[in-house]
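J.:
There are 2 protein chains.
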Amino acid sequence: MLNAVTIDGLWHHEKNHNYHFKWIHDSMADLHLLLDGRRLKAQARERRQAMQRILYEALRDAIAQGRLQAGAVLPSSRDLARDLAMARNGVIYAYEQLAAEGYVQPSRQGTVVAAFSAASSSVGQTRRRDQAASWPNAEVAQRVRHCNRRRTPEDDLRAFMPGMPALDAFPLRTWLRLCDRAARQGSTQDLGYRYAVGEPELRQAIATYLRVARGVRCHADQITMTDGTQHSLALCAQILADVGDTAWIEHPGYGGARTVLTQAGLTLQPVTVDAEGIAPPEDWWQSRPPRLIYITPSHQYPLGSVLSLPRRLHLIEQARRAGTWILEDDYDGEFRHDGPPLAAMQGQVADAPVVYLGTFSKSMFPALRLGFVVWPEALADRVMGVVGGLVLQGRPFEQRALAAFIDEGHFTRHLRRMRKLYAIRQAALREALQRHWPVPGQILGGQAGMHLVLSLPAADTALAQAAYQRGISPRPLSLYGTGGVAGFNGLVMGYANTHEDRMAKQVQTLVSAWQGL
Amino acid sequence: MLNAVTIDGLWHHEKNHNYHFKWIHDSMADLHLLLDGRRLKAQARERRQAMQRILYEALRDAIAQGRLQAGAVLPSSRDLARDLAMARNGVIYAYEQLAAEGYVQPSRQGTVVAAFSAASSSVGQTRRRDQAASWPNAEVAQRVRHCNRRRTPEDDLRAFMPGMPALDAFPLRTWLRLCDRAARQGSTQDLGYRYAVGEPELRQAIATYLRVARGVRCHADQITMTDGTQHSLALCAQILADVGDTAWIEHPGYGGARTVLTQAGLTLQPVTVDAEGIAPPEDWWQSRPPRLIYITPSHQYPLGSVLSLPRRLHLIEQARRAGTWILEDDYDGEFRHDGPPLAAMQGQVADAPVVYLGTFSKSMFPALRLGFVVWPEALADRVMGVVGGLVLQGRPFEQRALAAFIDEGHFTRHLRRMRKLYAIRQAALREALQRHWPVPGQILGGQAGMHLVLSLPAADTALAQAAYQRGISPRPLSLYGTGGVAGFNGLVMGYANTHEDRMAKQVQTLVSAWQGL
């Protein structure tokens, strides 16, 4: 054991050892503790670390914080090991580590604490938390200062959360079996960086599916994989538009798109949506020509309108003239309830200036994190090279499993089942609203997708908050609005992940939230 | 069968059917083919699609392309079904689909082709590929015009590719077993959107590991998961800096960081690296104060120098004064060859203005796509809310499997094995270079990591190209340079994924590439 006696800020080891440490006075109490062998061992046990590591850290902190001054000679490893009742190799480890990091230097006298500049040594002074908080830069950048969202996975599972598919109806066993098979058929050579554009099998499977099921005109070489629609949008903005370019977006519309396009440096121009979809004033093509137009033509998010054919063709024609790219987000186009799915806008006209964005978050499940972009044929080859410079891809086993899931028919089978299930759930929600909801208003949407909009005279945010407190998560329509345009009021109500038998009860909960306002 | 007779651009059906189509003259030939039942059936077989789909597409294209004019009355479903020898339900499907999409309208006369504006109908005219290519906007945005990279996974597996760990030494069976276990312990309720910051188990496992092995001062609440270091850097740039802010980067340095920080709108200031790491001129703190400094202090990429302790402390002190965040990229800090790993800069001083970036691409494998950011404590809570608004996370089973891989000791065991293996492979490369390499020069780096730098008098790009043609992939050092500062010449040679027994042969291949220049 090391027995320390302190005199006037100098600490001398008793007995016949020829070393001493010089300590700064106010840290003496710490240092008694610091080199007490029992204390160090207790720390090592508690933190499940080796003694050598604990010793190294204790010495390093003492040096960095100026408690052990430059020029001080450390005891020999043999002496210190004996005093601390630890293995000598452990002390050697600590000294070598300190030397490698520049805290000490070997010299003729032994191991000596290294000298730092005055500026440096003051760095180490212990700072209190309130000092840290007063750093001039202890705030996030302007461009994200409005962001503050702390939703948990559990919040997303509550009744009426929009955008959540029926998780318990997903064939998880089949999916895991295909993942397992893909992994077993793979090898360690698949573990490196993968194709930036995605695995060839998956791109091929998606192209075939899109041609048949969504009327998209494409081949696999136009497709690049992403982590989902937000990533797809970020790539589109980066690859197709420069900072300061204008993007038209739907109002009300998808907040995620707003965030991503703003972060990419674009100027957003909201375009109000009516019953036939987006309706830009004709003179805007001259007065605020867009580089990009972001739309959800199959099922406008959140209002649910379907972009009419004349508007589609007119938009394509104007975009072609203006050198604009239309970003078609087909997030839930598979789920049409009054007939087979509508064809995608991308395929309605040959060589349309349309970029098609697809996601497996709704058709499979959100945690999968796979989406894709179908680039226009005229640009596809060039884009592949750009994506190679911007994106790092991996996850070959999952991508191949998804390709098999599509190719072997599980995907269309699952979609068919979900289309039926969502129709049942929508009907249950409509019926429950008609029976229990006391406020005059409209139910919008419902031809397709996974949500309805319940229009309200006002106070949608207050109602959504009250509902949340009662355990359900409809979202206020005004949240989907874009600053500078008159707001909408209502609730966006997802029904896909809420069981039809519980729909009436959940609507009654909403009614009681309304009555409690 | 439908027998068609054409007269003057009008197509009349023979016999007693009371309908007719009006066709634009020049597309007559197409339309004979279009509604020939045998032809449609052949198409259906060939494309493996239902007849109803083929019929729908044929009619849709004819309408969109103006070959079938507004006001034309389609045959009754009964008649057309008989003529095409297909089921009547199939014709009804096609008509309903066309009606839903706005191509036709039901009327008293039957199903009538809808009217479009003149502008719209001209859209449908068939365009040739060269017309498409002449679109004014058929080019990518300015900001990505320099990007063009078409590397395949196979390229990355060649000898000497930097940044590639020893894939065949990865314990894939163990990993897959843990993934399988995590999936089986999970449920469909895990398939929704997950915590934006990552799974709690994994963040906890990482925090514990970092404290012990890397000397990072952190707890789990400071950690957010990402897809890898490029994603981490993009988040840091977005969250900590605004457009136009200055970032100091190492020269030569990591090209991926350059790309990401530029895309985030930052102004880059290259800082030349010497044997002790980054060395910014003192007056730059006034003349070009940075918002961010991106560095690789444990093992400078690519030169391999270790940032000295005085420079670390000085940098921290100056950054604190200037309100600068230091981004510490610890990409391969685990693999130190002349002693235990050096502590991370983040932990050297309490409350340092350092953001620590870690990745599992080297310590596990690149295709995993998992990395993380350790945010400064003073900012952590605020950042969690911002990340919640910017990031969508999933993949809970993989994240939990990684947590188990760390917690159950597989991770440190694998790192220990790789440290030994990489030391052997580095020694083999050094020996082979000393024996076979004919050009006077230096070997830089090697205290840590997975690559060496072989300095060259000139022509590194030409040599790297010649080497690539012979099947090996060392990378030219000049590629790591930043415009505006004098270049470096040499080869960055990864050794981690090249077997020690093949090292001499691969170096001889490099020699022959040099001799063939």
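So the sequences go chain by chain: W and Y. Quick note on the numbering used here: the first sequence kicks off at 1 and runs consecutively. Quick note on the numbering used here: the second sequence kicks off at 518 and runs consecutively. Just so you know, even glycine gets a beta-carbon here, dropped at the ideal spot from N, CA and C. Since the structure is predicted, the reported quantities are computational estimates derived from the model, not experimental observations.
(1) From L84(W) to Q105(W), what distance separates their C-alpha atoms?
(2) What do you get for H146(W), buried or exposed, if any count of 16 or more other CB atoms within 10 angstroms of its CB means buried?
(3) Name the residue from H748(Y), F914(Y), P957(Y), P955(Y) whose alpha carbon lies nearest to the alpha carbon of D697(Y).
(4) Helix, strand or coil for P396(W) per DSSP?
(5) Give the range of the alpha helix (DSSP H) segment to which W801(Y) is assigned.
(6) With the cut-off set at 8 Å, would you say F160(W) and T461(W) are in Cβ contact?
(7) Would D180(W) count as contacting chain Y if we go by Cβ distances under 8 Å?
(8) Do L684(Y) and G186(W) have their C-beta atoms within less than 8 Å of each other?
(9) What residues in its chain sit with their C-beta under 8 Å from that of S117(W), if we drop five residues either side in the sequence?
(10) What does the alpha-carbon distance come out to for the pair D332(W) and A616(Y)?
(11) By DSSP, does Q105(W) sit in helix, in strand, or in coil?
(12) Which stretch, first to last residue, makes up the alpha helix (DSSP H) that contains Q614(Y)?
(13) Starting from V113(W), find everything on chain Y with Cβ-Cβ shorter than 8 Å and list it in chain order.
(14) Can you tell me where the alpha helix (DSSP H) holding Y468(W) begins and where it ends?
(15) Cutting at 8 Å between CB atoms, please list the residues of its own chain near E716(Y), excluding the five before and the five after it.
(16) With DSSP collapsed to three states, give me the class of M450(W).
(17) Just to confirm the assignment: which complete alpha helix (DSSP H) runs, minimum length 4, are found wholly within the segment 178 to 213 of chain W?
(18) Which one or two residues does DSSP pair with L444(W) in a beta bridge?
(19) Would you kindly check if the distance between the Cβ of L844(Y) and the Cβ of L809(Y) is under 8 Å?
(20) Can you pull out the residues from the segment 821 to 833 of chain Y whose beta carbon lies closer than 7 Å to at least one beta carbon of chain W?
(21) Name the one or two DSSP bridge partners that G926(Y) has.
(22) Specify the secondary structure class of Y771(Y) as computed by DSSP and reduced to three states.
(23) Compile a chain-ordered list of the residues in the segment 742 to 758 of chain Y whose CB is closer than 8 Å to at least one CB of chain W.
(24) Using DSSP bridges, identify the partner residues of W375(W).
(25) Using CA coordinates, which residue listed in F411(W), A350(W), M51(W), A459(W) is at the minimum distance from R518(W)?
(26) With burial defined as no fewer than 16 other Cβ atoms inside 10 Å of the residue's Cβ, what is the status of V91(W): buried or exposed?
(27) Listing by chain order, which chain Y residues have their CB less than 8 Å from the CB of M384(W)?
(28) R395(W) touches chain Y at which residues, Cβ-Cβ below 9 Å?
(29) Helix, strand or coil: how does DSSP classify M678(Y) here?
(30) For A380(W), which option in P281(W), V197(W), P440(W) has the closest C-alpha, if you only look at C-alpha atoms?
(31) Within 8 Å of any Cβ in chain Y, is that where the Cβ of L454(W) sits?
(32) With 8 Å as the threshold, decide whether the Cβ of G253(W) is near any Cβ in chain Y.
(33) For R612(Y) versus P340(W), is the C-beta distance shorter than 8 Å?
(34) Give the C-beta separation of L74(W) and T111(W) to the nearest angstrom, bearing in mind that I take them to be a contact with Cβ-Cβ under 8 Å.
(35) Near R1019(Y), which residues of its chain fall below 8 Å by C-beta distance, leaving aside the five closest residues on each side in sequence?
(36) Counting only beta-carbon atoms, is R599(Y) nearer than 8 Å to chain W?
T.: Result, derived from the coordinates:
(1) 22 Å
(2) exposed
(3) F914(Y)
(4) helix
(5) 801 to 804
(6) no
(7) yes
(8) no
(9) Low confidence applies to S117(W): its pLDDT is 44, below 50, so where it sits in the model is not reliable enough to give any reading.
(10) 20 Å
(11) strand
(12) 605 to 617
(13) Per Cβ cutoff of 8 Å: no residues; V113(W) is ~12 Å from chain Y at best.
(14) 460 to 469
(15) M742, P913, Q916, R917, A920
(16) coil
(17) 200 to 209
(18) V453(W)
(19) yes
(20) S825, L826, P827, L830, H831, I833
(21) For G926(Y), which the question treats as bridged, DSSP gives no partner whatsoever.
(22) coil
(23) D744, G745, Q747, Q755, I756, L757, A758
(24) Looking at the DSSP assignment, W375(W) forms no beta bridge with any residue, so it has no partner.
(25) Chain W is shown only over 1 to 517; residue 518(W) falls outside these bounds and no answer can be derived.
(26) buried
(27) R667
(28) A884, L885, R886, R912, E915
(29) coil
(30) V197(W)
(31) no
(32) no
(33) The question names Arg, but residue 612(Y) is Tyr in the sequence shown. Contact flag unset, no.
(34) 4 Å
(35) A676
(36) no
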